[in-house]
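Order-wise, the sequence lines are chains A and B.
Mapping of the first sequence onto numbering that gives the first Met the number 0: position 36 corresponds to residue 35, and the numbering continues sequentially without gaps.
Mapping of the second sequence onto numbering that gives the first Met the number 0: position 62 corresponds to residue 61, and the numbering continues sequentially without gaps.
Have a look at the structure below, then the notes.
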Amino acid sequence: MFRFIGRRLLVAIPTLFLVVTAAFFMMRAAPGSPFDMDRKLSPEIERNVMAKYGMDKPLGEQYVNYLKDAVRGDFGPSLKYRDKSVLQILGENYKVSLILGLSAITLAALIGVSLGVIAALRQNGTMDYVTMGIAILGVCIPTFVTAPLLVLVFASKLGWLPTAGWNNGALPNLILPITVLALPQIAIISRLTRAGMIEVLRSNYVRTARAKGLPEHRIVSRHALRAAILPLVSYLGPACAGLLTGSLVVEKIFNLPGLGKFFVISALQRDYTVVMGMVIFYAALILILNLIADLLYAMLDPRVKLA
Amino acid sequence: MRRSTIVTLRTAGRAARNLLLLACAAVLTSCGGGPSRPDCPAGKVCLQYGNASEPATLDPHKATGTWEYRILADSLMGLTQDSADGGTVPGMAASWETSADGKTWVFHLIDATWSDGAPVTADDFVFSFRRILDPKTAAEYASLLYFMKGAQAVNEGKAPVESLGARALGPRTLEIQLEHPAPYLPELAKHQTMFPVPKHMVEKYGDAWSQPGRFVGNGAYTVVEWKLGDHVKAVKNPRFYAADTVCVDEIYYYPTNDAISAERRVKRGELDVNTDIQSNRISFLRKELPGYVRTHTYLGVAYMAFNTNVPALKDKRVRQALTMAIDRDFITRKLLRGGQEPAFTFVPPGVANYSPATPPPWAAWPLAKRQAEARRLLAEAGYGPNHPLKIEIKHRNTPDPMLFMPAVQADWREIGVDVSLAQNETQIAYAAYRSRDFEVADAAWIADYNDPMSFLYLQNSSTGSQNYGDYKNPAFDALLLKADNEPDAAVRAGYLAKAESIMLNDATVAPVFFYINKNLVNPKVTGWVDNLVDHHPTRLLCVKGKGAPAPAG
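Dropping the structure here:
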């Protein structure tokens, strides 16, 4: 297994390199520069600014310099947030996204799997239709609709929860954003679980287990579920990465200091260094989470061999 | 292995269930209270301030945004400062004299200290002016100080910073020499580019001096905390020269990018102020939250720029026809509905140091008459039903242009022009305007300081890429130059007004409407005066019911 992990980590290096290269040149190919604003800079001032950030050099040289610095763990200063370095932005904001993302995915997994199992056991029953109907809604309604709706009901009308704000991570401030993030995930997870479960419940080994007279709850929890959640495991890797890097919509509506907005806004503002930092962070996260998913696969399914 | 996995899963499940129960309990106990606000120490006045955007920096020499200005103007003070109505009153300088030719100014500083106790000296100001103009600082707004003698050469690296025309005649006497008379200097002296920075701290920490914890200022507040994306916190500076008149003790500035979300927070009492309102919500909010909506004409104009390099638009008659055919009343009253004023001039009403230019005569005509005249002008220029004028409007995809560009299109179709619209991301649109890759552009300009020159210079032929339409009229340029060399403010205002009239008659830009500033302010906040420049120093604000000290002089 360690050989497997080692090899996967080795393969990750060229992958990351390719991602960094593509992102670097695509970003620079986009029209505009980080120093564009309503007031056009005079050529002299533009030269001063470019020189300060090493952007007066040829693109190839900038690329090599960037790689050199990045390998040493220096992702440079933000070109827009001039008092902050890329690492500072990541460091100050990842915690918020981590708390929100992990809570949301845990909540979604617990509820989603339970709902999926229930629906599968009562296939084509009322329970099945109700849960899957709700799940369809959960997938279809985007967060920018659910978030204001929930705020309207629970904050503006009922006054139980704050409408927005981080407030040092106080629990009432977290409930709505976590719920909004978890809802679509619950929907997807429950559908994945249901589909997997239905398939497994019809398989030969479950029939064997039943024939042996095992109690139903043991068949479900010990034999069927493990195989049924395999597709879920491969889904959860990228889903986790998505949630852990934050959500622009949720952060904007709830005014939260997460990472998501830096992803989008830095690209719009051509904040090259921040975009690169975010891309590397996201790519690394995806690689690691996929690796974990593969390891889990082997743990859950004896047919999978790591080599 | 398999059994242990399941056991682990079960334990995890149990733990999660317990956690959920705990969370529910915590929610039940913590909910149902008042609005969620950070703790405010007993007996203190705390202001929750929706500041629209995240500051990029707390260094005044690098800052460019209004949201940065709001924080900086609370914690630093220039030679002059804002009064509640946005006027300019003495700040760090108690008084000043100007030489007869208007090119030498001597400022007499008050006895003030930095928040660490060091005295604020004339030397601090000289150091600051040199720093912002030093090419190494790479200050984007350095050109605002080019009126100082030798400033441009210093900023371009052609002369040492010591050659700048600013020197300390004594610890509290500052002399500034100018390239040309600048009656708007007191106006500009309250802009962040002319804020002093503490020399002793910058020499010690370099660019990192403005990090909270080190930040030392001479304003009413000191920045003590900056959580990126969350808030900036500033507390009252007990060493501020007029500290006894300051009512609010602590300010939290939030980057409220989403105006609708901020609106809910204001309504709920989580925020006391938000510095933006989505335009189409204004009429609703006036009813929903009486007394909260505060608007005023702003120092900005939305206009259409005609590219004079395009053959059809070289013809002044065509530009005039297009300009007069825009139904500005419909756009402002029916579409934008926020209280924006229709614009028939380029400089907004109420700008300082100005005697407004007379709008073109057709401004007062009814629309039908304007349309008839526009058709006549187009026919004269050789366009008609058999040979219609075809043009494309390039515009930004931000909410306002998306709303009113179709109206402009319809107005121009009404006079027989075949108009197409091309929408672009803001950055891409401006990049295209700068490279003259457009026929008609939708543009907007918010002035940096309160003076007609900060609008009119855009149309100067030497302005370069920002003169989108490549407007060239020697008479206009000559009047601007004359104004620049005129020490008498009233005479200067006359030159500028004349220049604007020439430009309006040439119709290389079609002003559409003047911007408004839009604030949502809880009525319990007192001392807030709507004004043209949209400056509202927190030191002049208070919260009703709190023992307010005597207002600042």
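Beta carbons: idealized from backbone N, C-alpha and C, even for Gly.
Beta-carbon proximity list for residue i, same chain, < 8 Å, skipping 5 on both sides
i, result
"Y456 (chain B)", "T462 and L479"
"T129 (chain A)", "Contrary to the premise, residue 129 (chain A) reads as Val rather than Thr in this sequence. Correct list: empty, nothing qualifies."
"A92 (chain B)", "L78, T79, F106, H107, L108, I109, L173 and A188"
"N472 (chain B)", "S460, I501, M502 and D505"
"I4 (chain A)", "L290 and L294"
"I515 (chain B)", "T294, H295, T296, Y297, G337, G338, Q339 and E340"
"R213 (chain B)", "M200, Y204 and A207"
"I218 (chain A)", "V205, A208 and R209"
Beta carbon of residue i nearer than 9 Å to that of residue j
i, j, result
"P341 (chain B)", "I330 (chain B)", "yes"
"L531 (chain B)", "T296 (chain B)", "yes"
"L229 (chain A)", "L288 (chain A)", "no"
"H60 (chain B)", "A117 (chain B)", "no"
"L366 (chain B)", "G218 (chain B)", "no"
"R267 (chain B)", "G158 (chain A)", "yes"
"A301 (chain B)", "A442 (chain B)", "yes"
"Y291 (chain B)", "L132 (chain B)", "no"
"L227 (chain B)", "Q268 (chain A)", "no"
"A498 (chain B)", "F475 (chain B)", "yes"
"G31 (chain A)", "I427 (chain B)", "yes"
"P254 (chain B)", "P54 (chain B)", "yes"
"L213 (chain A)", "A108 (chain A)", "no"
Whole-Å CB distance - residue i paired with residue j, under 8 Å assumed
i, j, result
"Q191 (chain B)", "L298 (chain B)", "That pair is no contact at about 15 Å."
"G555 (chain B)", "Q151 (chain B)", "Chain B is shown from 0 up to 552; residue 555 (chain B) falls before or after that span and cannot be answered."
"G164 (chain A)", "S35 (chain B)", "6 Å"
"T244 (chain B)", "A233 (chain B)", "No, T244 (chain B) and A233 (chain B) are not in contact; Cβ-Cβ is about 17 Å, not under 8 Å."
"A240 (chain A)", "I285 (chain A)", "5 Å"
"I44 (chain A)", "S142 (chain B)", "6 Å"
"V19 (chain A)", "I279 (chain A)", "6 Å"
"I12 (chain A)", "V112 (chain A)", "Not confirmed; about 35 Å, so no contact."
Own chain residues within Cβ distance below 7 Å of residue i, not counting five before or after
i, result
"I110 (chain A)", "I185"
"A14 (chain B)", "Caution is warranted here: a pLDDT of 45 is assigned to A14 (chain B), below 50, making its placement in the model unreliable, and the coordinate value is therefore given only provisionally. Hits under 7 Å: none found."
"L27 (chain B)", "Its pLDDT being 45, under 50, L27 (chain B) is placed unreliably in this model, and the value from its coordinates should be taken loosely. So the list is empty, once near-sequence residues are dropped."
"V418 (chain B)", "I390, I392, Q408, W411 and R412"
"P37 (chain B)", "Y251"
"D73 (chain A)", "none"
"E485 (chain B)", "P180, R491 and Y494"
"A223 (chain A)", "M196, V199, L200 and V205"
"F16 (chain A)", "none"
"T178 (chain A)", "L149"
Terminal residues of the beta strand (DSSP E) in which residue i lies
i, result
"Q176 (chain B)", "T172 to Q176"
"F512 (chain B)", "V508 to V520"
"M303 (chain B)", "V292 to F305"
"W104 (chain B)", "T103 to L108"
"C139 (chain A)", "Premise fails: C139 (chain A) lies in the alpha helix (DSSP H), T125 to C139, not in any beta strand (DSSP E)."
"I250 (chain B)", "E249 to Y253"
For residue i, the first and last residue of its enclosing alpha helix (DSSP H)
i, result
"K286 (chain B)", "I281 to E287"
"D483 (chain B)", "P473 to D483"
"S265 (chain A)", "G259 to L267"
"E379 (chain B)", "L366 to E379"
"Q30 (chain A)", "Checking the displayed sequence, the identity of residue 30 (chain A) turns out to be Pro instead of Gln. From DSSP, P30 (chain A) is part of no alpha helix (DSSP H); its letter is neither H nor E."
"S562 (chain B)", "Outside the shown range of chain B (0 to 552) lies residue 562 (chain B), about which nothing can therefore be said."
"A210 (chain A)", "N203 to A210"
"G236 (chain A)", "L229 to L243"
"A242 (chain B)", "Unbroken run through A242 (chain B): none, as it is neither H nor E."
"A406 (chain B)", "P398 to E413"
Same chain, Cβ closer than 6 Å to residue i, five either side skipped, listed in chain order
i, result
"S209 (chain B)", "L57 and D58"
"V196 (chain B)", "S127"
"L46 (chain B)", "V247, I250 and D271"
"Y432 (chain B)", "A440 and Y467"
"G31 (chain B)", "Confidence at G31 (chain B) is low in this model, with a pLDDT of 46, below 50, so the placement of that residue is unreliable and no value is reported for it."
"S84 (chain A)", "P76"
"T537 (chain B)", "D73, V247 and I250"
"S233 (chain A)", "A292"
Neighbour flag for residue i against chain D, beta carbons, 9 Å
i, result
"Y281 (chain A)", "No chain D is present in this structure, whose protein chains are A and B."
| query | Between the stretch 169-189 of chain B and the stretch 87-97 of chain B, do three or more beta carbon pairs fall short of 8 Å? | reply | yes
| Taking contact to mean at least 3 C-beta pairs separated by less than 8 Å, is the stretch 253-271 of chain A in contact with the stretch 202-221 of chain A? | no
| Inter-stretch contact (C-beta, 8 Å, three-pair minimum) for the stretch 164-174 of chain A and the stretch 279-286 of chain B | no
| said: For the pair the stretch 141-152 of chain A and the stretch 59-66 of chain A, tell me if three or more CB-CB distances fall below 8 Å. | reply: In this structure the stretch 141-152 of chain A does not lie against the stretch 59-66 of chain A, because fewer than three pairs of beta carbons, one per stretch, are closer than 8 Å.
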